[in-house]
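Participant: Can you keep this structure in mind? I'll have questions shortly.
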Ligand code: C2O
Ligand code: CU
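In my numbering, the protein residues as written are 4 to 494.
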């Protein structure tokens, strides 16, 4: 995001002095640089300033991450998408409740956009908040190669802050030569072989940006986990930010007691009030892997750094406020129909994986492993959905469940696997009902939610958007290992 120009800093200075006088906060201003053409193609990038060579990646408009799209709530987003890759792709607008035909799921809601082809996306954006866009074909590989970007849908009356910062948290799986692994390693069950020697996180694609704060400054940090596989549990040393929104939807502001878990695809909005002196630094750490390996050291992702120039007097900032709520139809829990979705893992010989058949045998040969090698297959209620390994077309499978338009459903996700699943359902927003039978302490509306190991998570929604919608785990290895499907909302 470039918003540097002379008038910007002058404007900012005027605004800050006004704000300091009133201890009312101004709210961030942005240059409107949303492109009208989005092209998926090759990108040469240098995610880490210390690396000696460029990384050959893929990106939108030759950038990793892609350009941030900014639109006002209720406005239209209109974009021509062009595919400069050598394989089909599509663009999905993660979390936006738009008509099915615009949802961008290649081979399900639209044909894949072939190499050299284009597709015009146009839709009215109903909800405010932080969203993101990414391919929905061969996405385990396409996202991991660098195809992702943030979407900011601006609220009419955002919570007052001095500044807004966006972080797309992306985990680079690079080889020793700072390259992304080639095709083979991205094939299904890439876990069969070690492939990346450095997985390292960046904020906004290139070079971990620090969070720069000033004493007395209020900053809205908006985080989206765009990683193909990595989940985060974030801790900000000596800082206790307020959580004000999940997946763009307001929550009653609260201070998280534990590290903040951000699964793949999830977004969280935080409010930081700077309270330290210029020159001080604090680590931002990820504690997610400690859930499985408690002895591991947490990873330092980046730092909070304090800059010169105190703003408002500490302690004089107004109470933290949440963004205005989005208009989501509230489910009537008493009237709801209940549906259980059991998440399971089973082992199959690679040559006998359902729907994959002969391709599995070829894959095994490619990896130099016997066709009898057992690989994990991930399922929902015993159902799996795979993309064809060559065309990336989704196989055909009956919807996992069906809904009547306008009716309320309670979905309970029962995790019977030894790991966690960041689940995502398209086209709808969900009320978080309970976890292991315990109601959530805060009302939360989400489009993506973690089902951790050992958890049963219940959500509820009004099926108000007709079409066949994706339901899947957002960890690339799991969605591409079977944990995908559709649900149908009858028109
Ligand atoms: Cu973020 Cu089905 O996608
Ligand atoms: Cu999963």
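Even for Gly, the Cβ is constructed at its ideal location relative to N, Cα and C.
#1: Does residue 66 come out as helix, strand or coil in the three-state DSSP assignment?
#2: Please list, in chain order, all residues with a C-beta atom less than 5 Å from at least one heavy atom of the ligand CU.
#3: My output table needs one value for residue 481: the three-state DSSP class, helix, strand or coil.
#4: Residue 460: which of 165, 346, 354 sits nearest, CA to CA?
#5: Go through the stretch 79-154 residue by residue and report every complete run of the beta strand (DSSP E) that reaches 3 residues or more, in order.
#6: Is DSSP giving residue 494 helix, strand or coil here?
#7: Express the C-alpha separation of residue 76 and residue 94 in angstroms, rounding to a whole number.
#8: Suppose contacts are defined by Cβ-Cβ distances below 8 Å. Is residue 388 in contact with residue 487 by that definition?
#9: Could you tell me whether any non-hydrogen atom of the ligand C2O is closer than 7 Å to the CB of residue 370?
#10: If I measure Cβ to Cβ from residue 397 and keep anything under 7 Å in the same chain, skipping five residues before and after, which residues do I get?
#11: Heavy atom of the ligand C2O less than 7 Å from the Cβ of residue 431, yes or no?
#12: Going by beta-carbon coordinates alone, are residue 474 and residue 452 separated by less than 8 Å?
#13: Looking only at its own chain, which residues have a Cβ that is under 7 Å from the Cβ of residue 373, when we skip the five neighbours before and after it?
#14: According to DSSP, is residue 474 part of a helix, a strand, or is it coil?
#15: Please report the straight-line C-alpha distance between residue 477 and residue 316, rounded to a whole angstrom.
#16: With a threshold of 7 Å (Cβ to nearest heavy atom), would residue 290 be considered close to the ligand C2O?
#17: Looking only at its own chain, which residues have a Cβ that is under 6 Å from the Cβ of residue 174, when we skip the five neighbours before and after it?
#18: Quick one: grab the DSSP three-state call for residue 294.
#19: Can residue 268 be considered in contact with the ligand SAM, in the sense that its beta carbon sits closer than 7 Å to one or more heavy atoms?
#20: Suppose the cutoff is 6 Å on Cβ atoms and the five residues either side in sequence are ignored; what does the same chain contact list for residue 293 look like?
#21: Count the other C-beta atoms from every protein chain shown that fall within 10 angstroms of the C-beta of residue 439, then say buried if there are 16 or more, exposed otherwise.
#22: Could you pull out every unbroken beta strand (DSSP E) segment of at least 3 residues lying fully inside the stretch 304-378, listed in chain order?
#23: So, are the CB atoms of residue 183 and residue 60 less than 8 Å apart?
#24: Assuming the contact rule is C-beta atoms closer than 8 Å, residue 238 and residue 277 should be a hit. Round their C-beta distance to whole Å, please.
#25: Tell me which same chain residues have a C-beta within less than 8 Å of the C-beta of residue 252, skipping the five on either side of it?
#26: Excluding the five sequence neighbours on either side, which residues of its own chain have a C-beta within less than 7 Å of the C-beta of residue 458, listed in chain order?
#27: Please determine, among 156, 170, 97, 128, the residue with the shortest C-alpha to C-alpha distance to residue 135.
#28: Are the CB atoms of residue 143 and residue 485 within a distance shorter than 8 Å?
#29: Which residues in the same chain as residue 255 place their Cβ atom closer than 8 Å to its Cβ, once the five residues preceding and following it in sequence are excluded?
#30: Taking one C-beta from the stretch 276-290 and one from the stretch 460-469 each time, how about it: are there three or more such pairs within less than 8 Å?
#31: Excluding sequence positions up to five away, which residues of its chain have a Cβ less than 7 Å from the Cβ of residue 454?
#32: Please return the same chain residues whose Cβ sits closer than 6 Å to the Cβ of residue 392, not counting the five positions on each side in sequence.
#33: Could you give the distance in angstroms between the alpha-carbon of residue 53 and the alpha-carbon of residue 170?
#34: Among residues of its own chain, excluding the 5 on either side of residue 420, which ones have a beta-carbon nearer than 8 Å to its beta-carbon?
#35: Return yes when the Cβ of residue 137 is within less than 8 Å of the Cβ of residue 108, no when it is not.
Facilitator: With the given structure in hand:
#1: As a working mapping, residue 66 is identified with position 63 in the chain shown. In the structure shown, residue 66 sits in a strand (DSSP, three-state: E or B).
#2: 424, 476, 478, 481
#3: Stepping through the chain shown from its first residue, residue 481 is reached at position 478. Residue 481: helix per DSSP, three-state reduction.
#4: Here residue 460 refers to the residue found at position 457 when the chain shown is read from its first residue. Nearest of 165, 346, 354 to residue 460, Cα basis: 346.
#5: 79-86, 94-97, 121-127, 132-138
#6: Along the chain shown, read from residue 1 onward, the residue named residue 494 stands at position 491. It is coil, neither helix nor strand.
#7: Against the chain shown, residue 94 aligns to sequence position 91. Against the chain shown, residue 76 aligns to sequence position 73. Near 20 Å, if we compare the C-alpha coordinates of residue 76 and residue 94.
#8: Sequence index remark: in the chain shown, residue 388 carries index 385 (1-based). Sequence index remark: in the chain shown, residue 487 carries index 484 (1-based). Their beta carbons are under 8 Å apart, which means residue 388 touches residue 487 by this criterion.
#9: Residue 370 sits at position 367 when you count from the first residue of the chain shown. Outside the cutoff, so no.
#10: Residue mapping note: residue 397 aligns to position 394 of the chain shown, counting from 1. Only 110, 111, 388, 390 meet the Cβ criterion.
#11: Reading the chain shown from its first residue, position 428 is the one you call residue 431. Checking every heavy atom of the ligand C2O against the Cβ of residue 431, none is found closer than 7 Å.
#12: Working through the chain shown from its first residue, we reach residue 474 at position 471. Working through the chain shown from its first residue, we reach residue 452 at position 449. No, these two residues do not count as a Cβ contact at 8 Å.
#13: Taking the first residue of the chain shown as 1, we reach residue 373 at position 370. Around residue 373: 367.
#14: For the purposes of this step, residue 474 is taken as residue 471 along the chain shown, with counting starting at 1. Three-state result, residue 474: strand.
#15: The residue you call residue 477 lines up with position 474 of the chain shown. The residue you call residue 316 lines up with position 313 of the chain shown. One C-alpha to the other measures close to 43 Å.
#16: Here the question's residue 290 lines up with position 287 in the chain shown. Checking the Cβ of residue 290 against the ligand C2O gives no.
#17: Here the question's residue 174 lines up with position 171 in the chain shown. These residues qualify, in order along the chain: 202, 204, 230, 233.
#18: Translated into the one-based positions of the chain shown, residue 294 becomes position 291. Here residue 294 sits in helix by DSSP.
#19: Absent from the structure shown: the ligand SAM. Ligands present: the ligand C2O and the ligand CU.
#20: In the chain shown, residue 293 corresponds to position 290, counting from 1. Closer than 6 Å at Cβ, skipping near neighbours: 299.
#21: As a first step, residue 439 must be located in the chain shown, where it is residue number 436. Exposed.
#22: 340-352
#23: In the chain shown, the residue the question calls residue 183 occupies position 180. In the chain shown, the residue the question calls residue 60 occupies position 57. Result yes, Cβ atoms of residue 183 and residue 60 sit closer than 8 Å.
#24: As a working mapping, residue 238 is identified with position 235 in the chain shown. As a working mapping, residue 277 is identified with position 274 in the chain shown. That pair is no contact at about 17 Å.
#25: Along the chain shown, one-based indexing puts residue 252 at 249. Cβ neighbours of residue 252 beyond the five flanking positions: 130, 132, 328, 329, 331, 432, 447, 448, 449.
#26: For the purposes of this step, residue 458 is taken as the residue at position 455 of the chain shown. So the qualifying residues of the chain are 418, 438, 439.
#27: On the chain shown, residue 135 is found 132 positions in, with the first residue counted as 1. For the residues 156, 170, 97, 128, the minimum Cα distance to residue 135 belongs to 97.
#28: By 1-based counting over the chain shown, the position of residue 485 is 482. By 1-based counting over the chain shown, the position of residue 143 is 140. Not a contact, by the Cβ cut-off of 8 Å.
#29: Start at 1 with the first residue of the chain shown, and residue 255 comes out as number 252. Only 325, 445, 446 meet the Cβ criterion.
#30: no
#31: Sequence index remark: in the chain shown, residue 454 carries index 451 (1-based). Contacts found: 346, 416, 418, 423, 424, 426, 460.
#32: Taking the first residue of the chain shown as 1, we reach residue 392 at position 389. Contacts found: 362.
#33: The residue you call residue 53 lines up with position 50 of the chain shown. The residue you call residue 170 lines up with position 167 of the chain shown. Cα to Cα, residue 53 sits roughly 21 Å from residue 170.
#34: Along the chain shown, one-based indexing puts residue 420 at 417. These residues qualify, in order along the chain: 346, 347, 348, 381, 456.
#35: Counting from 1 along the chain shown, the entry for residue 108 is found at position 105. Counting from 1 along the chain shown, the entry for residue 137 is found at position 134. Not in contact: residue 108 and residue 137 (Cβ atoms no closer than 8 Å).
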